[in-house]
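Reviewing the structure listed below.
Residue numbers (the working numbering): 514 to 952.
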């Protein structure tokens, strides 16, 4: 607040909900959330994972079953999911497994993907796991077989759909995250965890977090100093929300490890384009669940490419889930702050959500990046008109006529085509609106 010159809470709240709110919120997340974590934090829980949860789950799986799925929600800088992967590697070496690690902080995710930790990190490992890190010039990192089990993705537990639905997770770690939520949000999050856990699945919370008087849908299991929650085997949870399932990834086998996935392909590979095309085909067929599965997988494999985020936002917006759509487009704008596409779509969504002043500011940022982007001028006129600012509306629609005389850039053509906007229609609409204002 001091750095921004905000004199009180009300002023700072206005900043958070204003045009630069998503940027300030990202910085606030960094300041308020505890990013200092460690490998095998709350060691009794990892002992429970290795000695009870994994052997019990493994005993009930056949060779035809899908890989065991673990979700580390709120993974911070990666120590937790890598610790889980180390336990999987030693405790159940023949069990195919996947670990998805998500966080709201792009900065934390970048550090987690790098997977490089200080020299003190190795000393924190239980002795049997020290063989699973290797020395690097600037520290230590998990060995490739451990890193291969983990994939990272951006996710907001409050505003976005959970990455998988339909009783698909065997284990969920969400430790020291719920303490940042109010009671209603905690209850809603726990309810959604219950929906996506498989019967008999485990929920690991922080040592200071309890479901007492928050949920009666879980049983509690204890061992020594550890306690975890478990979804009962009977009474399969049902959800009124769509089922999003990610297909199991193929793995190649080596004598040393039977669960290593192929190395991620370069971002320029055909995998990205082919998957995007497949997602679009699924959308054309009306299969939004399958499209979500494909697109969400791309956000974890290629975190610096924004096209999957934009299409996820479009799907959410078309379904009327505007807050979800805003989250996807804000994430894309943070990844590529100089790209006009996410900013334009973000502005349109703000307009559709009734957040007109925020839409104006986002459009102004966009037009600073590309003054000839005439769809931006058109929408700025629309929003200004609704705000009663006829002068700004007139200038904006005149700018449409001016900017449209310049050669249309490839980026603008792509946006027009992607969202069924016609240049001639925008020109005609701008002239008509100017005439209605006496020009």
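Cβ atoms here follow ideal geometry from the backbone N, Cα and C, with glycine treated the same way.
Sequence-distant residues of the same chain with beta carbon closer than 6 Å to residue i, five excluded per side
i, result
"residue 873", "896"
"residue 562", "600"
"residue 785", "815"
"residue 839", "862"
"residue 821", "808, 811, 812"
"residue 746", "712, 713"
"residue 944", "none"
"residue 906", "894, 897, 898"
"residue 624", "590"
C-beta neighbour in chain D for residue i, strict 8 Å
i, result
"residue 552", "Protein chains in the displayed structure number just one, and chain D is not present."
First through last residue of the alpha helix (DSSP H) which encompasses residue i
i, result
"residue 871", "869–882"
"residue 799", "No alpha helix (DSSP H) holds residue 799; DSSP gives it neither H nor E."
"residue 559", "556–561"
"residue 629", "Premise fails: residue 629 is in no alpha helix (DSSP H) and is neither H nor E."
"residue 594", "592–604"
"residue 822", "820–831"
"residue 730", "Segment: none, residue 730 is in no alpha helix (DSSP H) and carries neither H nor E."
"residue 912", "903–916"
"residue 937", "936–949"
"residue 891", "887–899"
"residue 856", "853–865"
"residue 927", "923–931"
"residue 568", "567–572"
CB contact flag (residue i, residue j, <8 Å)
i, j, result
"residue 601", "residue 614", "no"
"residue 717", "residue 686", "yes"
"residue 853", "residue 886", "yes"
"residue 900", "residue 866", "no"
"residue 684", "residue 722", "no"
"residue 911", "residue 947", "yes"
"residue 567", "residue 604", "yes"
"residue 719", "residue 688", "yes"
"residue 860", "residue 875", "yes"
Spatial distance of residue i from residue j (CA atoms)
i, j, result
"residue 889", "residue 676", "32 Å"
"residue 622", "residue 608", "27 Å"
"residue 560", "residue 724", "21 Å"
"residue 960", "residue 830", "One cannot answer for residue 960 here, as it falls past the ends of the chain, which runs 514 to 952."
"residue 741", "residue 846", "38 Å"
"residue 707", "residue 729", "11 Å"
"residue 926", "residue 788", "23 Å"
"residue 953", "residue 552", "Here the chain comprises residues numbered 514 to 952, so residue 953 is not present and cannot be evaluated."
"residue 667", "residue 935", "33 Å"
"residue 851", "residue 555", "42 Å"
"residue 828", "residue 790", "15 Å"
"residue 858", "residue 908", "21 Å"
"residue 951", "residue 833", "36 Å"
"residue 819", "residue 587", "21 Å"
"residue 817", "residue 626", "12 Å"
"residue 640", "residue 612", "23 Å"
"residue 929", "residue 795", "22 Å"
"residue 573", "residue 584", "20 Å"
"residue 855", "residue 893", "16 Å"
"residue 616", "residue 883", "32 Å"
"residue 923", "residue 826", "21 Å"
"residue 777", "residue 915", "A caution first: residue 777 carries a pLDDT of 46, below 50, which makes its placement in the model unreliable, though a value can still be read off. The straight-line gap from Cα to Cα measures roughly 46 Å."
"residue 578", "residue 558", "26 Å"
"residue 709", "residue 681", "6 Å"
Same chain only: Cβ atoms within 7 Å of residue i, ignoring 5 sequence neighbours per side
i, result
"residue 629", "649, 651, 652, 654"
"residue 659", "595, 598, 599, 602, 645"
"residue 824", "792, 808"
"residue 671", "698"
"residue 565", "736"
"residue 570", "581, 683"
"residue 702", "670, 691, 694"
"residue 733", "740, 742"
"residue 917", "887, 936, 940"
"residue 705", "675"
"residue 643", "635"
Residue interval of the beta strand (DSSP E) (run including residue i)
i, result
"residue 616", "610–616"
"residue 681", "Where residue 681 is concerned, there is no enclosing beta strand (DSSP E), given that its DSSP letter is neither H nor E."
"residue 647", "646–649"
"residue 583", "581–586"
"residue 834", "Unbroken run through residue 834: none, as it is neither H nor E."
"residue 739", "739–743"
Neighbourhood of residue i by C-beta distance below 8 Å, restricted to the same chain and skipping five residues each side
i, result
"residue 726", "none"
"residue 801", "755, 795, 828, 832"
"residue 891", "909, 910, 913, 939, 942, 943"
"residue 664", "611, 612, 613, 614, 813, 814"
Runs of alpha helix (DSSP H) wholly within the segment 640–725 (minimum 4 residues, chain order): 657–660, 696–709
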